[in-house]
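Participant: Heads up: the sequence shown at position 876 corresponds to 876 in full-length UniProt numbering, and the numbers run straight through without jumps. Beta carbons are placed, not taken as given, at the ideal position from N, Cα and C, and that holds for glycine. The model shown is predicted, which means the values in this text are computed figures rather than measured ones.
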Amino acid sequence: MHASRHVVHSPLRQLLASIIPRYCDIPVLQRPALSSCRESMAAIEQNPRITTAWSLMLLLSLASAGVLLQAFAQLDGNGFISIDCGLPGTVSYVDEETSLYYAPDAAFTDTGSNHDISDDYITPELSRIHRNVRSFPDGERNCYTLRSLMAGSKYLVRATFKYGDYDRLSRPPIFDLYVGVNFMSEVNISDPDAVVILEAVVVVVDDVVQVCLVNTGTGTPFISGLELRPLKDSLYPQANATQGLLLLGRRNFGPTNKSDMVRYPYDPYDRIWLPWINTTYWAEVSTTIEVMNFADDLFNTPSKVMQTAVTPRNNSTIEFFWDPKPQPKDPTPGYIAILHFAELQLLPANTLREFYINLNGKPWYPKPYSPTYLYTDTVYNTDTSRGGPAPAIGGFTRRYDISINATANSTLPPTINAIEVFSVVPTTNIGMDSQDTFSMTTIKAQYQVEKNWMGDPCVPKTLAWNGLTCVYAISGPPRIIGLNLSFSGLKGNISSSFAKLKAIQYLDLSHNSLTGSIPDSLSQLPSLTVLYLTGNQLSGSIPSGLLKRVQNGTLELRYGNDPNLCSNGSSSCQSARWKSKLAVYISVPILVVLVTVLVFAFCLLRRRNQGNELTGNGYGHSSLHLENRRFTYRELEMITDGFQRVLGRGGFGYVYSGFLEDGTQVAVKLRSHSSNQGVKEFLAETQILTRIHHKNLVSMVGYCKDGEHMALVYEYMAEGTLQEHIAGSDHDERCLTWRQRLRIALESAQGLEYLHKGCNPPLIHRDVKATNILLNEKLEAKLADFGLSRAFGHNSDTHISTNTLVGTPGYVDPEYQATMQPTIKSDVYSFGVVLLELITGKPAILRDPEPTSIIQWVRQRLARGDIEGVVDARLPSDDHNVNGVWKVADVALKCTAIASVQRPTMTDVVMQLQECLELEEGRASGNTTEGFVYTGSSVNLRLDYNHALLADLSAEVSQKNDGFPVDHNFGMLAAMMSTGPTTR
Numbered sequence: 001m002h003a004s005r006h007v008v009h010s011p012l013r014q015l016l017a018s019i020i021p022r023y024c025d026i027p028v029l030q031r032p033a034l035s036s037c038r039e040s041m042a043a044i045e046q047n048p049r050i051t052t053a054w055s056l057m058l059l060l061s062l063a064s065a066g067v068l069l070q071a072f073a074q075l076d077g078n079g080f081i082s083i084d085c086g087l088p089g090t091v092s093y094v095d096e097e098t099s100l101y102y103a104p105d106a107a108f109t110d111t112g113s114n115h116d117i118s119d120d121y122i123t124p125e126l127s128r129i130h131r132n133v134r135s136f137p138d139g140e141r142n143c144y145t146l147r148s149l150m151a152g153s154k155y156l157v158r159a160t161f162k163y164g165d166y167d168r169l170s171r172p173p174i175f176d177l178y179v180g181v182n183f184m185s186e187v188n189i190s191d192p193d194a195v196v197i198l199e200a201v202v203v204v205v206d207d208v209v210q211v212c213l214v215n216t217g218t219g220t221p222f223i224s225g226l227e228l229r230p231l232k233d234s235l236y237p238q239a240n241a242t243q244g245l246l247l248l249g250r251r252n253f254g255p256t257n258k259s260d261m262v263r264y265p266y267d268p269y270d271r272i273w274l275p276w277i278n279t280t281y282w283a284e285v286s287t288t289i290e291v292m293n294f295a296d297d298l299f300n301t302p303s304k305v306m307q308t309a310v311t312p313r314n315n316s317t318i319e320f321f322w323d324p325k326p327q328p329k330d331p332t333p334g335y336i337a338i339l340h341f342a343e344l345q346l347l348p349a350n351t352l353r354e355f356y357i358n359l360n361g362k363p364w365y366p367k368p369y370s371p372t373y374l375y376t377d378t379v380y381n382t383d384t385s386r387g388g389p390a391p392a393i394g395g396f397t398r399r400y401d402i403s404i405n406a407t408a409n410s411t412l413p414p415t416i417n418a419i420e421v422f423s424v425v426p427t428t429n430i431g432m433d434s435q436d437t438f439s440m441t442t443i444k445a446q447y448q449v450e451k452n453w454m455g456d457p458c459v460p461k462t463l464a465w466n467g468l469t470c471v472y473a474i475s476g477p478p479r480i481i482g483l484n485l486s487f488s489g490l491k492g493n494i495s496s497s498f499a500k501l502k503a504i505q506y507l508d509l510s511h512n513s514l515t516g517s518i519p520d521s522l523s524q525l526p527s528l529t530v531l532y533l534t535g536n537q538l539s540g541s542i543p544s545g546l547l548k549r550v551q552n553g554t555l556e557l558r559y560g561n562d563p564n565l566c567s568n569g570s571s572s573c574q575s576a577r578w579k580s581k582l583a584v585y586i587s588v589p590i591l592v593v594l595v596t597v598l599v600f601a602f603c604l605l606r607r608r609n610q611g612n613e614l615t616g617n618g619y620g621h622s623s624l625h626l627e628n629r630r631f632t633y634r635e636l637e638m639i640t641d642g643f644q645r646v647l648g649r650g651g652f653g654y655v656y657s658g659f660l661e662d663g664t665q666v667a668v669k670l671r672s673h674s675s676n677q678g679v680k681e682f683l684a685e686t687q688i689l690t691r692i693h694h695k696n697l698v699s700m701v702g703y704c705k706d707g708e709h710m711a712l713v714y715e716y717m718a719e720g721t722l723q724e725h726i727a728g729s730d731h732d733e734r735c736l737t738w739r740q741r742l743r744i745a746l747e748s749a750q751g752l753e754y755l756h757k758g759c760n761p762p763l764i765h766r767d768v769k770a771t772n773i774l775l776n777e778k779l780e781a782k783l784a785d786f787g788l789s790r791a792f793g794h795n796s797d798t799h800i801s802t803n804t805l806v807g808t809p810g811y812v813d814p815e816y817q818a819t820m821q822p823t824i825k826s827d828v829y830s831f832g833v834v835l836l837e838l839i840t841g842k843p844a845i846l847r848d849p850e851p852t853s854i855i856q857w858v859r860q861r862l863a864r865g866d867i868e869g870v871v872d873a874r875l876p877s878d879d880h881n882v883n884g885v886w887k888v889a890d891v892a893l894k895c896t897a898i899a900s901v902q903r904p905t906m907t908d909v910v911m912q913l914q915e916c917l918e919l920e921e922g923r924a925s926g927n928t929t930e931g932f933v934y935t936g937s938s939v940n941l942r943l944d945y946n947h948a949l950l951a952d953l954s955a956e957v958s959q960k961n962d963g964f965p966v967d968h969n970f971g972m973l974a975a976m977m978s979t980g981p982t983t984r
């Protein structure tokens, strides 16, 4: 009983179990001494009687590393990360307004310095987070690292800035803000007293994201606060893998007090809703009853925001406007506007509230609109435009006016509850290979490299780390091919992380203070051609693997001025050589025994395989005692009329048309003697086709193995390959409609899903491409050509090992290329390329003006919001739903994610494509109109919207003396006044 009183209670055990893994992720040189990080983890997991004293000692140790701060910030029950940048010390605090914990930033960045703003800008009402800053006078790029995220999920990222003359220079700076490797916005501090809030909705591709400040030469970057909030993936559907949303304004109509700002806990995602008040022209409407969201709501607007609204006082129109303010890096950005409506009054039967929504005097929504009582309805545009407004008289760019006016039948004035406006920001830049990134981060931490190594090592190119040479592929992440760390003050052993830079060709570690031996793992680097180790304090023998590569001329090795390092034959190696001989004396008898066992096992296995060949139960090497019909070569000649009609040609050989005795048309694939696919592929495909049966997989009628003649007889697919249809001319009458393309995509996906999920063992196709998708007379799609397919050995396998890279250029998974280990996600990648071909009508690799991956081609255009520029030009504009095309493009780009873990499964793809097909079929039946979405009451209404879109709203927020942020870039039109707009 005495011992049990000191056992750590469950909550503390859980806290330790969640914090220690983060501690173990910190590089050794950046964490305090602890006997064994992993032993501590094991102790927590295995020992139920951890003492309180031991736990408190561990927690103190973790606190000294800043781990507790980071853990408390990142282990928020909501998944929130809240950082007070520049806050000194190690103690978090609770924000009085939101009751959220805010942590100091020491655990998230290792550069910069802390400062307090000037007393002249501090008022009692000023939020605590705005009273201090961290500035970054050194280096071009400085970053915060936010960890423990869900890869592929959607997040709100918010950064706040209050200059407050913290440096006593009275020179507010201008600099750039990046999220990951993608530019988000310029930060322009025009007023020392202003609070600038920049907020973006982005999809995070990894479990870590970096938020970086980049010095552009116009002042020292600084930051006051950084917040990250996880969002449901269904929210803000316009944010996806290729584009983020930069908030330009979020306003709540109807509050009567300028301090009535709504955020957490009223908004579960901690969005900030600023009040928009003008009692002169707007009458406030409110309710205390909860305003609900529909089940399929895409924005989850909080009830507290929707409980207030405005109506016009003296006329039937609500008017307001925005002034354009383009980004320096994107002078004509695209915009998304989201208007939130709810009816707050229970209307009598003889009354009607109905209104039009107009932009610059033209219809913005296609029909009269009536809000729903106590339910949030949302109207938003789905198409973005980058044309921008034309300059007005006097050189000023005209503003964008929104008017909401009652219809002739309406007995009540219009109303509005809230509005959000975002600009579309491209997020198509791809970060460096994840393994290379991890290796470089580890190297930086282990040697405490003092170079300006912040953010992604290779991206963007202008900010690549000093000493690195990166290669940027057409498709795939950048890789490190050169690393120069000479004269860098490196101490200790040569890190094993160098050997994980699999693409490196040039490695210079000369003139440092490295000790210990040269890792033999360096000899395993496949591309390494230059290794410089001169001028260190290395010892021991040069690994034989490196010496062999020097001798065969594939490696240049320099190792002078290392007095304790010896090459083969040096006297200093004798001790090591004696130890090697001793190891040989001990290991030879063991080796003899092992060889004997292996020989016996080989003989036994060979006897077993021979039995399999007789029974036909072996995989890939049977004598083809199969259930399908076996043809002789003479029979094939008769069936094909002497091989007269050629249907096509592949790597196996020509495919001929033939007819069986009963008149059934078949396709005969005859192996050519010059084919690069031989007996192995023939046997593999035959074995697979005898055991798989699915409506979307081509069926085998029979086979021929007659001496040297080999052939496969398939069902005939009258419409040939998908590639033939995709490559048709601009005036080809056989051009597939969008609906047909969707159905082909879905059916092909179902066939591939069957291989992955329905087969036992599962199959990887390894050559998914448009020429291996065949179409019958009904344009039903079937997957074909299984000669390169491979099976998993067990259901628990995640990949299979191969020695040869197979597949077709443009379709091959870059991760498979790097590891030589295909997975089912390799098929997903290839299928994503096929989807892009279906959307664009273009091949996997575009040749004009220079070779370009279709993935990169599509990403570049979608980054500009140019979805119509991506769609096959042969498709009529009224043939497809632009929202459906966006969704398929998003699915395709997720399939072609660089890291396989970020790709969906084929089951997920099938579900997404099924939804797209249902959307298209609904459009074809007349249930929707193009380009605009209305959510609420489960109704989708769309309008072909090509007018100039909503203007840029600045994200700058002015901080008045009362500490309340007021947005300067919203304006309101004075209703029915000839004197023009009101003064802002």
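Is Gly642 close to chain B, meaning its C-beta is less than 7 Å from at least one C-beta of that chain?
Facilitator: No chain B appears in this structure, which consists of one protein chain only.
Participant: How many angstroms separate the CA atom of Phe331 from the CA atom of Ala200?
Facilitator: Contrary to the premise, residue 331 reads as Pro rather than Phe in this sequence. So the two alpha carbons sit approximately 18 Å from each other.
Participant: Here's the rule I'm using: 16 or more other beta-carbon atoms within 10 Å means buried, otherwise exposed. How should Lys367 be labelled?
Facilitator: Lys367 should be labelled exposed.
Participant: Going along the chain, which residues of its own chain have a beta-carbon closer than 7 Å to the beta-carbon of residue 988, five neighbours each way excluded?
Facilitator: In the structure as shown, the chain starts at 1 and stops at 984, and residue 988 therefore has no counterpart that could be examined.
Participant: Checking 7 Å against the spacing of the C-beta atoms, do Asp233 and Ala151 come in under that value?
Facilitator: no
Participant: Pick helix, strand or coil for Cys470, following the three-state DSSP scheme.
Facilitator: Assigned with DSSP and collapsed to three states, Cys470 falls in strand.
Participant: Could you pull out every residue in the same chain whose Cβ sits closer than 6 Å to the Cβ of Gly810, ignoring the five residues on either side in sequence?
Facilitator: Ala844 and Ile845
Participant: In the DSSP assignment, find the beta strand (DSSP E) that holds Ala337 and state where it starts and stops.
Facilitator: Tyr335 to Phe341
Participant: Provide the residue(s) that pair with Asp508 in DSSP beta bridges, ordered along the chain.
Facilitator: Asn484 and Tyr532
Participant: Using only the alpha-carbon positions, how far apart do Leu226 and Asp260 sit?
Facilitator: Cα atoms of Leu226 and Asp260: separation of roughly 23 Å, rounded to the nearest angstrom.
Participant: Relative to the C-alpha of Leu359, which residue among Gln345, Phe341 and Tyr380 is closest?
Facilitator: Tyr380
Participant: To the nearest angstrom, how far is the alpha carbon of Gly832 from that of Ala818?
Facilitator: Their Cα atoms are separated by approximately 19 Å.
Participant: Return yes when the Cβ of Asn536 is within less than 7 Å of the Cβ of Leu514, no when it is not.
Facilitator: yes
Participant: Which parts of the stretch 158-185 are runs of the beta strand (DSSP E), unbroken and 3 residues or longer, counting only runs that do not cross its ends?
Facilitator: Scanning the stretch 158-185 for uninterrupted beta strand (DSSP E) segments of 3 residues or longer gives 174-179, listed from N- to C-terminal end.
Participant: Is it buried or exposed, Gly663, if we count other Cβ atoms within 10 angstroms and call 16 or more buried?
Facilitator: exposed
Participant: Only counting the same chain, and skipping five residues up and downstream in sequence, which positions put a Cβ closer than 6 Å to that of Pro21?
Facilitator: For Pro21, the pLDDT reaches just 47, beneath the cut-off of 50, and the residue's location in the model is therefore unreliable, leaving the point undetermined.
Participant: Assess, as a yes-or-no matter, whether the stretch 238-256 is touched by the stretch 268-280 under the definition of 3 or more beta carbon pairs within less than 8 Å.
Facilitator: In short, these stretches touch, since the Cβ pair count reaches three.
Participant: What are the partner residues of Met710, as DSSP defines its beta bridges?
Facilitator: Lys705
Participant: Rounded to whole angstroms, what is the Cα-Cα separation between Asp866 and Thr384?
Facilitator: 8 Å
Participant: Between Ile416 and Leu339, how many whole angstroms is the CB-CB distance? I'm expecting something under 8 Å.
Facilitator: 7 Å
Participant: Is DSSP giving Ala503 helix, strand or coil here?
Facilitator: coil
Participant: If I measure Cβ to Cβ from Arg861 and keep anything under 6 Å in the same chain, skipping five residues before and after, which residues do I get?
Facilitator: Gly869 and Val870
Participant: Would a C-beta distance cut-off of 7 Å place Leu410 and Glu354 closer than the cut-off?
Facilitator: It should be noted that the sequence gives Ser, not Leu, for residue 410. For Ser410 and Glu354, yes; Cβs fall inside 7 Å.
Participant: I'd like the ranges of any beta strand (DSSP E) spanning at least 3 consecutive residues and lying wholly in the stretch 626-678.
Facilitator: 646-649, 654-659 and 665-670
Participant: Does the distance from the C-beta atom of Glu765 to that of Leu755 stay below 7 Å?
Facilitator: Sequence inspection shows His at residue 765; the Glu mentioned does not correspond to that position. Yes, the Cβ-Cβ distance between His765 and Leu755 is below 7 Å.
Participant: Does the distance from the CB of Cys212 to the CB of Cys143 come in under 7 Å?
Facilitator: yes
Participant: Taking Cβ to Cβ, would you say Ile504 is nearer than 7 Å to Leu528?
Facilitator: yes
Participant: Going straight from the alpha carbon of Asn405 to that of Met184, what length do you get?
Facilitator: 35 Å
Participant: Are Asn215 and Phe175 closer than 7 Å when you measure CB to CB?
Facilitator: yes
Participant: Quick one, which of Arg630, Arg141 and Ser826 has its alpha-carbon nearest Ala899's?
Facilitator: Ser826
Participant: Under 8 Å Cβ to Cβ from Ala576, same chain only, skipping five residues before and after it: list those, please.
Facilitator: Unreliable positioning characterises Ala576 in this predicted model, as indicated by a pLDDT of 41, which lies under 50. The coordinate reading is nonetheless provided below. Only Gly540 and Ser541 meet the Cβ criterion.
Participant: In the structure shown, what three-state DSSP assignment does Thr407 receive?
Facilitator: coil
Participant: For a quick check, are the C-beta atoms of Glu719 and Leu636 less than 7 Å apart?
Facilitator: no
Participant: Which two residues bound the contiguous alpha helix (DSSP H) that contains Leu522?
Facilitator: Element bounds for Leu522: n/a, residue is neither H nor E.
Participant: Which term fits Glu753, buried or exposed, when burial requires 16 or more other beta carbons within 10 angstroms of its beta carbon?
Facilitator: buried
Participant: Assuming residue 988 and Leu485 make a contact with CB atoms under 8 Å, what is their CB distance in whole Å?
Facilitator: The question about residue 988 has no answer here: the residues shown for the chain are numbered 1 through 984.
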